[in-house]
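Numbering (our numbering), first residue to last: 600 to 719.
Every residue, glycine too, gets a C-beta built ideally from N, C-alpha and C.
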């Protein structure tokens with residue numbers, strides 16, 4: 600570190616969401632300001648339940664694939680609901696990080712909130 604934000608994909612997004620919860624509670628080990636969670640989901644492990652008890656107040660972009668056969672879209676949407684004012688980007692594809700022009704614009708628009716003008 601230091602790191603401005605996190606990017607997590609699939610299981611990495613599930614882990615990043617838990618890191619976001621720790622950060623939102625003021626844990627100094629994780630000085631991140633935002634996260635992009637692609638094909639994420641909330642862990643179902645009983646030991647992880649405490650991460651989702653309170654709304655997570657950290658800016659997030661959740662990328663959801665409508666045709667994702669690995670992490671079904673409803674699971675990614677459910678994870679987004681654990682965050683305060685999440686931004687949700689839906690794409691028609693499956694279990695991958697979409698990189699077409701519309702998604703790139705959404706990523707840049709989201710990131711521009713944290714470093715205005717640097718992504719253009």
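Where residue 661 falls: helix, strand or coil (DSSP)
For the purposes of this step, residue 661 is taken as the residue at position 62 of the chain shown. If DSSP states are grouped into helix, strand and coil, residue 661 belongs with the strands.
Between the CA atoms of residue 700 and residue 673 - distance to the nearest angstrom:
The residue labelled residue 673 in the question sits at position 74 within the chain shown. The residue labelled residue 700 in the question sits at position 101 within the chain shown. Residue 673 and residue 700: Cα-Cα distance of roughly 24 Å.
Report the option in 713, 686, 635 and 650 whose CA atom is closest to the CA atom of residue 620.
To locate residue 620, count along the chain shown from 1; it is residue 21. Ranking 713, 686, 635 and 650 by Cα distance to residue 620 puts 650 first.
Reduced DSSP category for residue 681 - H, G, I as helix; E, B as strand; rest coil:
What you label residue 681 is simply residue 82 of the chain shown in a count that begins at 1. Of the three classes helix, strand and coil, the one that applies to residue 681 here is coil, per DSSP.
How would you call residue 691, buried or exposed, if buried means at least 16 neighbouring beta carbons within 10 angstroms?
For the purposes of this step, residue 691 is identified with residue 92 of the chain shown, where counting begins at 1. Label assigned to residue 691: exposed.
Rounded to whole angstroms, what's the CA-CA distance from residue 681 to residue 607? Just pull it up for me.
Here the question's residue 681 lines up with position 82 in the chain shown. Here the question's residue 607 lines up with position 8 in the chain shown. Each residue's Cα considered, the two are about 16 Å apart.
Do residue 694 and residue 648 count as a contact pair if the criterion is CB distance below 8 Å?
For this step, residue 648 is matched to residue 49 along the chain shown. For this step, residue 694 is matched to residue 95 along the chain shown. Contact flag unset, no.
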